[in-house]
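*Asks:* Got a structure for you, written out below as structure tokens; questions coming shortly.
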Amino acid sequence: MAKAIKAHVQGRVQGVHFRDNTKQQAENLALAGYAKNLEDGSVEVFAEGDETSLQALIDYLVNGPATAEVMQVDHEEVEPRNASGFQIL
11 MAKAIKAHVQ
21 GRVQGVHFRD
31 NTKQQAENLA
41 LAGYAKNLED
51 GSVEVFAEGD
61 ETSLQALIDY
71 LVNGPATAEV
81 MQVDHEEVEP
91 RNASGFQIL
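With the numbering used here applied, the sequence shown covers 11 to 99.
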């Protein structure tokens, strides 16, 4: 049974390929969802799939790519949306 999370990532996470790298990680973990920039300079990530893969993505978000400087990651479990693929919005 699929689970889903919504994460809010703060720090220097825009203009550093954060969404592209998150998409690559999510696809490697067979997760569906999206990553999008928010007006306040943070990034929102929605992902759904198996619990182990979701935890691996959360672990990735805490560190981010080498070009980013993640200051804080808040996440919560949400209802799955039957998403297909992982999009950059």
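Every residue, glycine too, gets a C-beta built ideally from N, C-alpha and C. Note that the structure is predicted; figures quoted are calculated from it, not measured.
#1: Whole angstroms are fine: how far does the CA of residue 79 sit from the CA of residue 73?
#2: I'd like to know if residue 95 contacts chain D, where contact means its C-beta is closer than 9 Å to some C-beta of that chain.
#3: Where residue 67 and residue 35 are concerned, what is the direct C-alpha to C-alpha distance, given to the nearest angstrom?
#4: Closest by CA to residue 15, which one among 25, 62, 30?
#5: What does DSSP give as the partner residues of residue 59 in its beta bridges?
#6: Taking just the CA atoms, how far does residue 95 sit from residue 23?
#7: Which residues does DSSP list as the beta-bridge partners of residue 42?
#8: For residue 26, collect the residues of the same chain with a Cβ closer than 6 Å to its Cβ; drop the 5 residues on either side in sequence, then sort them by chain order.
#9: How many angstroms separate the CA atom of residue 92 from the CA atom of residue 58?
*Replies:* To lay it out plainly:
#1: 8 Å
#2: This model lacks chain D altogether, as it is built from one protein chain only.
#3: 7 Å
#4: 62
#5: 13
#6: 22 Å
#7: 58
#8: 77, 78
#9: 8 Å
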